[in-house]
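Here is the structure we will look at, set down as structure tokens.
Protein chains in written order, with the numbering used here: chain P, 16 to 230; chain D, 102 to 111.
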């Protein structure tokens, strides 16, 4: 475990807590894409299949449980909570996220490190996570006013994988045979998808104005 | 090599 990876995991944890805080305290999911939350629940469900078979560390298992539990409970809140679901903007959250799953699954069936069920599902989760933010970014461009918590959520979610890139560089130079091209490329693509959001996020922060993405 | 692919990252 290196500082970049720990920082990445803590940033990821913070993004999830910010979103749970928003939904649980102000009972609103305005500006939050249910599609992205569903994709993330699927990402964790397919990535952590080894939670019972491969014990890495207490930290690893606890974090997996937190990400699984939080992503599924956020989906439940938005879909079923009698107050929260009223603030869900289903007319704006129209990204056809099924169209993201199919190519990711096909790609995982052809490009993976080992052709086993768990490994293909793990690879699928990497490809899916890379594009999972798209429904949320599309929704942000449609909803004019982005509230602070949603903006912070997306920022932290994008930053965590960016920190992981430093972690991969660090591990590449410190551990022999640490080469995971698929993870690296998926991680870079994922982070690049946030590039324009990061730009407007910093602009709004620098000029101390409300975050607004161009239509 | 027979090492099972262990994914130690989240």
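Ideal placement from N, C-alpha and C gives every residue a C-beta, glycine not left out.
Contacts of residue i in chain D (Cβ-Cβ under 9 Å)
i                     : result
residue 82 of chain P : 111
residue 75 of chain P : 109, 110, 111
residue 65 of chain P : 107, 108
Minimum Cβ-Cβ distance from residue i to chain D less than 7 Å
i                     : result
residue 78 of chain P : yes
residue 71 of chain P : yes
residue 24 of chain P : yes
Whole-number beta carbon distance between residue j and residue i, since they are thought to touch under 8 Å
i                      : j                      : result
residue 136 of chain P : residue 64 of chain P  : 6 Å
residue 85 of chain P  : residue 35 of chain P  : 6 Å
residue 156 of chain P : residue 230 of chain P : 6 Å
Contact list for residue i against chain D, beta-carbon separation under 7 Å
i                      : result
residue 137 of chain P : 108
residue 20 of chain P  : 110
Legend entry - Segment contact flag, the segment 175-191 of chain P with the segment 38-50 of chain P, C-beta cutoff 8 Å, min 3 pairs: Output reads no: the segment 38-50 of chain P does not touch the segment 175-191 of chain P.
Inset, instruction - Kindly confirm or deny that the segment 193-209 of chain P and the segment 172-183 of chain P touch, where touching means at least three C-beta pairs closer than 8 Å. - result: Between the segment 193-209 of chain P and the segment 172-183 of chain P there are three or more C-beta pairs closer than 8 Å, enough to call the two in contact.
Inset, instruction - Evaluate the contact criterion for the segment 128-143 of chain P versus the segment 96-109 of chain P: three or more CB pairs, one atom per stretch, below 8 Å. - result: Result no; under three Cβ-Cβ pairs closer than 8 Å.
Inset, instruction - Give a yes or no on contact between the segment 138-145 of chain P and the segment 116-125 of chain P, applying the rule of three or more CB pairs nearer than 8 Å. - result: Yes, they touch.
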